[in-house]
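Start counting the sequence shown at 218; every next residue gets the next number (my numbering). Here a beta-carbon is modelled for each residue, glycine too, at the ideal position from N, C-alpha and C.
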Amino acid sequence: YFKKDAIAYAWEFVTKNMGVDPSRLVVTVFGGEDGVPADDEAAQLWKDVTGFDDSRILRLGAADNFWQMGDTGPCGPCSEIHCWIGDGTGDVKTFGDEPLPDGTGWTEIWNLVFMQFERHADGRLEPLPKPSIDTGMGLERLAVLKQGVQSNYDTDLLRPIVDLAAEISGKKYGGTLSKDDISMRVIADHARTTAFLIAEGVFPDREGRAYVLRRVMRRAIRHGHRLGIDEPFLHRCALKVVEEMGSIYPDLEERRSLIAEITQQEEERFRRTLKRGLDLLSENKEWGKDASGARLLPGKVAFVLYDTFGFPLDLQDVIGEEQGFRVDHDGFEKEMELARERSAGSKVGEAAVGAVYHALAGEIGKTVFTGYTTEKDSGTVRAFVRGGARADSLRAGDEGEIIVDRTPFYGESGGQVGDRGVITAGAARFVVTDTHKPVDGFWVHRGHVEAGEFKVGATVDLEVDHAARSATRRNHSATHLLHWALRQVVGPTAMQKGSLVGPDRLRFDYSGSKPLTDDEITRIEELVNDAVLENTAITTNEMAMDAAKASGAIGIFEEKYGDTVRVLTIGPSKELCGGTHAFRTGDIGSFRVLTESGLAAGVRRIEAATGKQVLAHQFKVERELREVATLLKAQPGTVADKAARAVERQKELEREVEALKKKLVSGGAGGDLTQDAKDVGGVRVLGKTVDLGDAKALRELADGLRDKMAPAVILLGSKAKDGKALLVCSVSKELTKRFQAGAIIRDAAAIVGGGGGGRPDFAQAGGSDPSKLDEAVNRVYSLVTPA
């Protein structure tokens, strides 16, 4: 069927199945443009089906009612159903206007694309031999109609999240287009996006999808800031999404804790970034003016804030709106373009080398890889690369790369490093230090010629370094067991995020928001070592991707795989993998976690060892234990107890030192200093150099004096332990509208050759010239004047 039935079915579904009143509907058709005739056929069909007159069948241009994939290809006219959202039936004359402040207006709920033409490069339209229909429906918009509300945000899908945002902010949601209502809607929508993306294994970061998520989250947080929410809240909204939708989307419920933890961590990180950005802006001395005379943040400064300190441009704009300045976007873009040019220049050479590999791969074809079954093979030299360019030969002393038609060397991929070894041709010897695949299916051996000469067409013998390959196999197989054990201990939220496997180490990155406990690490080690001791055979099978998924194999399925994949089974672990592996789990020998640490938001890293490396690690630990025992004059079995007593004694001494400092502040020094303060119009002002040498102690002294003499302005200086100047300024909160600590500290810091900043009530600075500390602290007396 085509237009007639498609229109009839659409109308039947909307008006009968969905029960929408026809008097609230209008339809649109293509009205013709640029030589393409109007879709009169669709207009007549709508009349026949609906009984509408021309006033409710609107003819629109190509921008609204003609769809095409691109400049060429299938295309055709569209026809849409629009509904009046709000009371009554709506005035057709207002069609196309912006929604009213209460959200009412015309909204599209149905779209029919009549795919009937093919557009050629010359612009000519040719009828398709077999036309088709593309039908689009706004699911949430239909929910709006069925539930009798006025926007997507008022449906049972989003309203509970909107209401939570309102509750947290203490504001009332009115369902209008006010700034507060829009902010609550943004929070609800973005909280839903956040929850689903994290459940899918996407975590906020600097690139790709991860960066999209970060921007979505930060936009929601900024809207919370606009609503006056000054504490982490987005994780609560994301959990509301889980509560509302987890029964339909089980991944949400399964990853509930991960969603909350990642969201809260990112918000706390962003709030630190926001505070740092505000501090940097308060310290900035470079300001310009725009054409209207308003304050302008220069593009160069904005770019430094963005590039060096991670302070997003759009956030600078938001702060500018709040603090009364504008950001020079043109200047920022110029700086960004200069940075791109610098980056592009560094990549020109890389691109040229890449072109060499692509040309060779196109000429020579794919390499035959035999490394799954052997570590030795023979082949024919097909080409050389030296210095990034194609070469005719390689001689003794040359560094370069050899391309052979077949090889047992594994090329770096899937987290496994490339093999090393030797390539020989009679007396000629090439030491392979790395093997890589710059083009899919194309192996390149990198290294240097130790002796003799290699020429194209020569028959060569290739031999992989057996010890390095064996160690890499052990580590790679152990990595799969580690992944399995991690999921057993932590749960299915521990998804692989990356790995690096070489002969001397293995590294595994996984999704996780908090460190593993000692007990969890011990349990993981036990599970892996139990699998090692079982000494089961390690098997591989090639199968279709769908079959691999059906078998329960785990893989990073968004990565690029061919139609046929390699499924690796190691004891209880089954994963997609193209690397080289041990033959039995017992070959791994033993397994030990060396370190576990945070890598990025929601990503953690485990480094581990196998085989002889475990023994080497154990010997090192035991040697260090003996050395510590000697230092503590303890037997190995009593080291922990004696070390604990030593640490406790150190803490006691530190507490005594702190007590002496506080006594100095409140007693001797503090008592004398209050007598040195001057009264300036009812404000106690003190500028003094003291001998403390510690920033924390200086800060506590300043705050203590401020509280003791309030209302007061205190500026203290001291020579730090490293010989530099320290300055702190503390201002009573009720005075900050007249005297700001940040402004005072910047003025004083310039005297000692430094800079600093902080809050209106407290700021600190450093400088290179402590000899001018007295002059610097006395500056406060000229800066604080009577009201």
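Open item on the list: Within a Cβ cutoff of 6 Å, which residues of the same chain sit near residue 637, ignoring the five residues on either side of it in sequence?
Closed with: 649, 650, 682 and 685
TODO: Let me know the secondary structure DSSP gives residue 993 once reduced to three states.
DONE: helix
Task: Nearest-angstrom Cβ-Cβ length linking residue 717 and residue 724, presumed shorter than 8 Å - done: 4 Å
- [ ] Would you mind working out which of 973, 983 and 984 sits nearest residue 498, comparing C-alpha positions?
- [x] 973
- [ ] Thinking residue 408 and residue 385 are a contact (beta carbons under 8 Å), I'd like their distance in whole angstroms, please.
- [x] Their Cβ separation, rounded to whole angstroms, is 11 Å, which puts residue 408 and residue 385 out of contact at 8 Å.
Open item on the list: Bridge partners for residue 484 per DSSP, in chain order?
Closed with: Residue 484 is not bridged to any residue.
Open item on the list: Taking only three categories from DSSP, how would you classify residue 413?
Closed with: helix
Task: Supposed contact pair residue 608 and residue 614 - C-beta distance, whole angstroms, cut 8 Å - done: Contact doesn't hold; Cβ gap of about 14 Å is too wide.
Open item on the list: By the three-class DSSP mapping on this structure, what secondary structure does residue 946 have?
Closed with: strand
TODO: Kindly provide the ranges of any beta strand (DSSP E) runs that are 3 or more residues long and lie completely inside the stretch 491-562, ordered along the chain.
DONE: 512-514 and 542-544
Task: DSSP three-state assignment for residue 268, whether helix, strand or coil - done: coil
Task: Collapsed DSSP secondary structure at residue 440 in the structure displayed - done: helix
Open item on the list: Any contact between the stretch 239-254 and the stretch 289-300? By contact I mean 3 or more CB pairs, one from each, below 8 Å.
Closed with: yes
Open item on the list: Considering only DSSP beta bridges, list what residue 678 is partnered with.
Closed with: 595 and 641
- [ ] Just mark residue 864 as buried or exposed, buried being the case when its beta carbon has 16 or more other beta carbons within 10 Å.
- [x] exposed
TODO: Measure from the alpha carbon of residue 951 to the alpha carbon of each residue in 938, 930 and 971, then state which is nearest.
DONE: 930
Open item on the list: According to DSSP, is residue 835 part of a helix, a strand, or is it coil?
Closed with: helix
TODO: Would you kindly work out how many angstroms separate the C-alpha atoms of residue 1012 and residue 596, rounded to a whole number?
DONE: Nothing in the structure corresponds to residue 1012, since the chain is present only between 218 and 1004.
Open item on the list: DSSP has residue 732 in a bridge; who is on the other side?
Closed with: The partner list for residue 732 (beta bridge, DSSP) is empty, contrary to what the question assumes.
Open item on the list: Measuring alpha carbon to alpha carbon, tell me which residue in 417, 811 and 759 is nearest residue 835.
Closed with: 811
- [ ] Let me know the beta strand (DSSP E) ranges lying completely inside the stretch 338-385, each 3 residues or longer, listed in chain order.
- [x] 342-354
Open item on the list: Can you tell me whether residue 822 is buried or exposed? The criterion is at least 16 other CB atoms within 10 Å of its CB, across all chains shown.
Closed with: buried
Task: DSSP-derived helix/strand/coil call for residue 283 - done: strand
Task: Contacts around residue 487, its chain only, beta-carbon distance under 8 Å, and the 5 residues preceding and following it disregarded - done: 434, 435 and 438
TODO: Kindly list the residues whose CB is nearer than 6 Å to the CB of residue 797, restricted to its own chain and excluding five residues on each side of it in sequence; keep chain order.
DONE: 627 and 690
Open item on the list: With distance defined between alpha-carbon atoms, name the residue in 466, 1000, 962 and 1001 nearest to residue 982.
Closed with: 962
Open item on the list: Tell me the rounded alpha-carbon separation between residue 226 and residue 361.
Closed with: 21 Å
Open item on the list: By alpha-carbon positions, which one of 923, 925 and 968 ends up nearest to residue 943?
Closed with: 968
TODO: With distances taken Cα to Cα, identify the nearest neighbour of residue 405 among 430, 422, 432 and 375.
DONE: 375
Open item on the list: I'd like the list of long-range same chain contacts for residue 468, defined as Cβ closer than 7 Å, with 5 residues on each side in sequence excluded.
Closed with: 416
Open item on the list: Could you compute how far the alpha carbon of residue 490 sits from the alpha carbon of residue 814?
Closed with: 22 Å
Open item on the list: Whether or not the stretch 502-513 and the stretch 750-760 are in contact is what I'm after, with contact meaning three or more pairs of Cβ atoms, one per stretch, closer than 8 Å; do they touch?
Closed with: no
Open item on the list: Under DSSP, the beta strand (DSSP E) around residue 752 begins and ends at which residues?
Closed with: No beta strand (DSSP E) holds residue 752; DSSP gives it neither H nor E.
Task: Stretch-stretch touch, CB-based, cutoff 8 Å, three pairs: the stretch 331-349 with the stretch 224-239 - done: no
TODO: Return the bridge partner residues of residue 988 from the DSSP annotation.
DONE: For residue 988, which the question treats as bridged, DSSP gives no partner whatsoever.
Task: Nearest-angstrom Cα separation, counted from residue 339 out to residue 272 - done: 36 Å
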